[in-house]
Amino acid sequence: MSRAGKIARRTFLIGSAAMAGGVAFGVVMYKRPHHNPLLDTLGKDAAALTPYVLITPQGITLITPRADLGQGAYHLQAALIAEELDVSLDQVTVDPGPPSPAYYNTALSGDAVPFAATDDGWMAETARAVADVPMKLFGIQVTGGSTTVPDAWDKLRHAGAVARETLKAAAAAQTGHNADDLHTENGAVILPDGTRLPYTDLVDTVAQTDPVTDVTLRDPSEWRLVGHNMQRLDMVAKSTGTQAYGIDVELEGMLHAAVRTNPRQGGTLRGFDASEAETMRGVHKVIAIPGGVGVLADNTWRAMQAVNAVKIEWDETDLYPAAMDDHWRILADSFDAASRDSRFKDEGDVEATLAATDAVQAEYRAPYLAHAPLEPVNATVLVTDARVDVWTGTQIPRFVQDNVAQITGHDADDVHVHGQVIGGSFGHRLEDTVVRQAAHLARAVKGTPVKLTLSREEDMMHDFPRQIAMARGRGAVADGQVTAFDLGLAMPSVLASQLGRQGLPAAGPDLQIVAGAWDQPFAIPDYRVTGYRAQGLAPVSSWRSVGASTNGFFHDSFLDELIHAAGADPLEERLRLCNHAPSRKVLEAVGEMSDWGKPLAEGQGRGVAYCLSFGVPCAEVVEVTDTADGIRIDKVFVAAEVGRVIDPVNFENQVQGGVIWGLGHAIMSEITYSEGRATQDNFDSFPFLRLYQCPQISVRGLENDSAVRGVGEPPVPPAAPALANAIFAATGKRLREMPFNKHVVFV
Amino acid sequence: MELTVDNVTQSLDIEPDMPLLWVLRDELGLTGVKYGCGIAQCGACTVQIDGAAVRACQTRVGDVWGPVITIHGLGTPDALHAVQAAWVDHQVAQCGYCQSGQIVQAAALLAQTPDPSYEQINDALSGNLCRCGTYPRLRAAVKTAAAKLREAPE
Chain A
63 MSRAGKIARR TFLIGSAAMA GGVAFGVVMY KRPHHNPLLD TLGKDAAALT
113 PYVLITPQGI TLITPRADLG QGAYHLQAAL IAEELDVSLD QVTVDPGPPS
163 PAYYNTALSG DAVPFAATDD GWMAETARAV ADVPMKLFGI QVTGGSTTVP
213 DAWDKLRHAG AVARETLKAA AAAQTGHNAD DLHTENGAVI LPDGTRLPYT
263 DLVDTVAQTD PVTDVTLRDP SEWRLVGHNM QRLDMVAKST GTQAYGIDVE
313 LEGMLHAAVR TNPRQGGTLR GFDASEAETM RGVHKVIAIP GGVGVLADNT
363 WRAMQAVNAV KIEWDETDLY PAAMDDHWRI LADSFDAASR DSRFKDEGDV
413 EATLAATDAV QAEYRAPYLA HAPLEPVNAT VLVTDARVDV WTGTQIPRFV
463 QDNVAQITGH DADDVHVHGQ VIGGSFGHRL EDTVVRQAAH LARAVKGTPV
513 KLTLSREEDM MHDFPRQIAM ARGRGAVADG QVTAFDLGLA MPSVLASQLG
563 RQGLPAAGPD LQIVAGAWDQ PFAIPDYRVT GYRAQGLAPV SSWRSVGAST
613 NGFFHDSFLD ELIHAAGADP LEERLRLCNH APSRKVLEAV GEMSDWGKPL
663 AEGQGRGVAY CLSFGVPCAE VVEVTDTADG IRIDKVFVAA EVGRVIDPVN
713 FENQVQGGVI WGLGHAIMSE ITYSEGRATQ DNFDSFPFLR LYQCPQISVR
763 GLENDSAVRG VGEPPVPPAA PALANAIFAA TGKRLREMPF NKHVVFV
Chain B
70 MELTVDNVTQ SLDIEPDMPL LWVLRDELGL TGVKYGCGIA QCGACTVQID
120 GAAVRACQTR VGDVWGPVIT IHGLGTPDAL HAVQAAWVDH QVAQCGYCQS
170 GQIVQAAALL AQTPDPSYEQ INDALSGNLC RCGTYPRLRA AVKTAAAKLR
220 EAPE
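Line order of the protein sequences matches chains A and B. Residue numbers for the first sequence follow this note's numbering, so the first one is 63 and each next one is one higher. Residue numbers for the second sequence follow this note's numbering, so the first one is 70 and each next one is one higher.
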């Protein structure tokens with residue numbers, strides 16, 4: 063087996079100011095680029111280009127600023143640079159780099175404008191370009207929204223090419239050859255006589271060389287890595303227990319911490335008695351923190367035992383209803399003019415058509431859901447007078463910097479965030495409560511590092527869950543066709559809740575309230591989608607596929623009901639209605655993969671669903687059998703249009719994972735509140751799909767579109783409706799509420 | 070208290086009711102053993118005691134009845150166990166956090182059942198939760214490891 067490249071978890075050695083400005087430190091070879099016409103044609107600011115390649119005499123480091131949550135982000139970012147730089151992945155070290163405005167995410171803003179991803183007209187493009195501006199101003203270095211790949215696709219290949227051409231220019235200067243007579247291969251510049259000059263030997267010359275920014279990206283026919291099965295860099299470490307995550311950080315003299323906070327979200331602490339806890343073995347200190355109590359001890363378990371021994375009096379809060387029925391009542395009452403948030407889709411005359419016919423009507427529900435990545439959230443913080451060091455896995459390093467600085471009283475520039483590999487996120491690491499708690503604890507013991515690990519119970523009960531949501535559909539059919547479709551969607555605003563916790567305003571409509579519904583490419587004569595913002599519910603956050611995780615289910619389920627009412631074939635009618643060529647191709651692909659027309663055995667059923675989310679059209683067919691022991695999911699077929707499949711292995715992994723995520727939660731998971739507390743606090747009460755329940759999942763990536771997209775989230779939304787539609791086909795029972803096991807039994 | 074972990078016997082001054090998980094992680098620095106739930110629901114902390122796969126989070130260190138093998142003792146990056154090699158070949162891991170437990174569980178299965186059916190694999194590994202959804206690759210990797218081990222037992 064080959065030696066895989068290392069992913070470094072050591073502190074990054076170059077100062078962030080130097081990195082942001084692209085100043086050479088003698089070793090940084092990638093300077094601030096001059097005016098670059100290629101970037102102009104991409105509509106991106108040249109300042110977006112900053113160091114992604116670091117070459118020292120000791121080796122080559124590729125900077126991969128988007129967090130690795132398990133989705134292979136480090137690997138994919140490194141591969142894009144390596145493709146153009148002509149290095150192999152086992153020659154390089156990968157480092158997430160420091161938080162820096164230089165690493166802002168340009169792709170994230172694409173989903174912040176009210177234009178469907180299928181709309182490439184000038185208004186849509188202009189809006190996306192304008193939305194880029196605040197992203198640059200805020201320097202938002204965020205991992206999320208399936209944007210790592212679209213953000214990196216041109217930027218990182220270009221960075222690799224600039225580095226390669228600059229190395230050639232340096233070699234030309236050093237040897238007297240013409241740069242055009244040189245080529246690169248496997249980490250070295252090759253002279254005309256075949257002499258190899260390793261990149262690492264060119265460092266001194268490169269530091270004196272102006273970067274060559276007028277570069278041409280490789281033709282796809284020349285790609286060595288992109289589009290080919292690659293060996294991910296972290297597989298050996300993750301198969302041998304040697305991959306270090308944030309929870310594994312170990313520092314000299316470190317204390318271990320546990321916290322308990324008010325089980326009601328946002329609740330405060332009235333008082334506590336730590337007299338028993340303070341006498342327990344290994345306990346160092348008991349400290350009040352916002353909303354609760356923390357214990358510092360010499361071992362995680364001792365800290366957890368002690369914090370449970372603290373007698374605490376909680377404040378009663380009423381930031382949201384104490385009982386679940388009232389959450390549903392708020393949603394039901396939100397379908398009114400006062401709560402209306404958006405109506406971006408309003409074609410034909412829905413009201414007139416529905417008034418003139420017997421409308422088909424249905425109501426759907428989706429519960430709160432925890433993120434519950436398997437690694438409980440954690441953070442290690444060391445506070446000294448001069449600086450603060452934070453070791454944590456985060457999708458929002460710049461926010462972490464600011465929030466920690468506020469707590470400890472340092473300048474944000476003196477807060478150094480060392481990004482850690484993350485044991486799953488699904489959006490959970492877009493929040494930073496645990497880092498703030500660790501900062502409060504570490505502030506109390508300056509000079510001593512403190513590692514805070516949340517218990518599973520503390521983590522799950524205080525998760526800001528996926529939005530709860532309700533939908534009401536009205537529609538009409540005529541002559542075997544769907545003719546009218548009117549969908550109202552009510553839910554809390556994830557954007558307002560999430561940005562609110564960062565002290566940021568969220569002006570205007572929240573596109574996530576209607577994402578995965580208003581922007582679907584169907585030509586229905588009377589077609590309307592309205593978003594309603596429900597107020598006063600529990601705080602919520604981004605959960606894998608965000609708004610589309612509920613809306614994909616609502617939109618496609620209701621479409622399926624109408625198609626059934628019309629007596630049409632579910633796949634044929636979707637194809638007839640679909641007016642977006644790449645989307646038609648994914649529907650055709652799953653039809654072919656699943657032998658759609660082929661009759662199934664007695665008791666079996668087949669359902670198709672489609673959702674466009676994060677710019678990716680994705681269709682899924684699910685096959686089920688109604689057995690004596692309940693519904694068994696036999697097979698899933700998935701086709702997704704992503705422009706380019708960068709690594710087929712990682713692509714299949716992401717898509718299968720997304721399908722399983724969608725199916726598992728749709729079948730059996732929910733967070734409910736009772737007396738204001740989350741009822742579910744661990745994997746016994748918040749179950750998820752197990753190996754024996756996992757179907758065969760066949761995946762096909764399509765590359766017909768010009769835009770390159772990420773696929774972490776898009777396979778999630780179609781999974782639940784495809785399953786519900788399949789169960790309807792097998793049993794005649796229509797599922798309108800998740801989790802489905804409230805209504806049918808599963809094997 | 071004496072404890073034999075990954076073929077090394079150590080003397081520890083530790084309360085007997087501390088879960089083996091936290092002894093391994095915080096006292097012995099064997100961080101490949103993961104904390105996921107603390108109530109034997111996820112299997113991330115799985116180790117072998119006398120060859121049997123057990124949940125270290127629900128095993129009091131005072132109750133450990135034989136030598137413990139963790140993911141670190143099963144194999145290393147330079148000397149992979151057949152199950153670990155199959156995991157690398159199939160590129161099973163996504164976030165990777167559950168995989169130590171999955172691999173230790175799979176190794177225990179194959180020691181008892183050298184040629185498991187898919188149903189036997191499902192039965193043995195359904196106590197190990199994966200939130201990323203690596204199940205399809207994981208199932209295939211167990212089959213590959215089984216075939217390799219039948220050719221050349223560890």
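For each residue, glycine too, the CB sits at the ideal point set by N, CA and C. Predicted model only: the values in this text are computed from it and were never measured.
Distance between beta carbons of residue j and residue i, contact taken as under 8 Å
| i | j | result |
| --- | --- | --- |
| Ala350 (chain A) | Leu358 (chain A) | No, Ala350 (chain A) and Leu358 (chain A) are not in contact; Cβ-Cβ is about 13 Å, not under 8 Å. |
| Glu703 (chain A) | Leu633 (chain A) | About 17 Å separates the two Cβ atoms, so there is no contact after all. |
| Tyr166 (chain B) | Gly485 (chain A) | 3 Å |
| Gly107 (chain B) | Ser517 (chain A) | 7 Å |
| Ala299 (chain A) | Thr205 (chain A) | Actually they are not in contact, since the Cβ atoms of Ala299 (chain A) and Thr205 (chain A) sit about 20 Å apart, beyond 8 Å. |
| Ile125 (chain A) | Tyr114 (chain A) | 5 Å |
| Pro801 (chain A) | Ala728 (chain A) | 6 Å |
| Asp572 (chain A) | Val412 (chain A) | Their Cβ separation, rounded to whole angstroms, is 22 Å, which puts Asp572 (chain A) and Val412 (chain A) out of contact at 8 Å. |
Cut-off 8 Å between Cβ atoms - residues of its own chain near residue i, not counting five sequence neighbours on either side
| i | result |
| --- | --- |
| Arg65 (chain A) | Any reading at Arg65 (chain A) is ruled out, since the residue's pLDDT is 31, under 50, leaving its predicted position unreliable. |
| Glu145 (chain A) | Arg219, Gly222, Arg280, Trp285, Arg286, Leu287 and Val288 |
| Asp696 (chain A) | Gln666, Glu685, Val686, Thr687, Pro757 and Gln758 |
| Val268 (chain A) | Met91, Ile117, Thr228, Leu229 and Ala232 |
Within-8 Å CB hit, residue i to chain B
| i | result |
| --- | --- |
| Glu340 (chain A) | no |
| Met63 (chain A) | Note that Met63 (chain A) scores a pLDDT of 30, beneath 50, so its modelled location is shaky and nothing firm can be said. |
| Gln529 (chain A) | no |
| Gly201 (chain A) | In this predicted model, Gly201 (chain A) has a pLDDT of only 47, less than 50, meaning its place in the structure is not dependable; the value taken from the coordinates is given anyway. It does not: the Cβ of Gly201 (chain A) has no partner Cβ on chain B nearer than 8 Å. |
| Glu520 (chain A) | no |
| Arg491 (chain A) | no |
| Trp723 (chain A) | yes |
| Phe745 (chain A) | yes |
| Tyr430 (chain A) | no |
| Gln582 (chain A) | no |
| Tyr136 (chain A) | no |
Run of the alpha helix (DSSP H) containing residue i, from where it starts to where it stops
| i | result |
| --- | --- |
| Gln181 (chain B) | Gln168 to Gln181 |
| Met70 (chain B) | Looking at the DSSP string, Met70 (chain B) is not in any alpha helix (DSSP H), and its letter there is neither H nor E. |
| His220 (chain A) | Thr210 to Thr237 |
| Thr495 (chain A) | Thr495 to Arg505 |
| Glu775 (chain A) | Segment: none, Glu775 (chain A) is in no alpha helix (DSSP H) and carries neither H nor E. |
| Thr470 (chain A) | Pro459 to Thr470 |
| Thr612 (chain A) | Val608 to Ala628 |
| Leu138 (chain A) | Ala135 to Leu147 |
| Ala154 (chain B) | Ala151 to His159 |
N- and C-terminal bounds of the beta strand (DSSP E) containing residue i
| i | result |
| --- | --- |
| Tyr672 (chain A) | Gln666 to Ser675 |
| Tyr594 (chain A) | Asp588 to Arg595 |
| Ser760 (chain A) | Gln758 to Leu764 |
| Ala540 (chain A) | Ala531 to Ala540 |
| Ile733 (chain A) | Premise fails: Ile733 (chain A) is in no beta strand (DSSP E) and is neither H nor E. |
| Ala643 (chain A) | That residue, Ala643 (chain A), is in no beta strand (DSSP E); its alpha helix (DSSP H) goes Ala643 to Met655. |
Chain A within 8 Å of residue i, Cβ atoms only
| i | result |
| --- | --- |
| Glu220 (chain B) | no |
| Gly202 (chain B) | yes |
| Cys114 (chain B) | no |
| Asn76 (chain B) | no |
| Ala162 (chain B) | yes |
Residues near residue i by beta carbon distance below 6 Å, same chain, minus five either side
| i | result |
| --- | --- |
| Arg796 (chain A) | Phe790 |
| Lys804 (chain A) | none |
| Gly344 (chain A) | Ala359, Asp360, Asn361 and Arg364 |
| Gly477 (chain A) | The question names Gly, but residue 477 (chain A) is Val in the sequence shown. Excluding positions up to five away in sequence, the list reads Val450, Gln463, Val466 and Ala467. |
| Glu799 (chain A) | Arg427 |
| Trp658 (chain A) | Leu633 |
Close beta carbons around residue i, own chain, < 7 Å, minus the five adjacent residues each side
| i | result |
| --- | --- |
| Ala175 (chain B) | Val152, Leu194, Val211 and Ala214 |
| Lys513 (chain A) | Val311, Met316, His318, Ala319, Asn440 and Thr442 |
Checklist entry - Going along the chain, which unbroken runs of the beta strand (DSSP E) with 3 or more residues stay wholly within the stretch 335 to 421 of chain A? => result Listed in chain order, they are 345 to 351, 354 to 359, 373 to 376 and 402 to 409.
Checklist entry - Mind pulling the alpha helix (DSSP H) runs of 4 or more residues that sit fully within the stretch 264 to 332 of chain A? => result The qualifying runs are 265 to 269 and 297 to 301.
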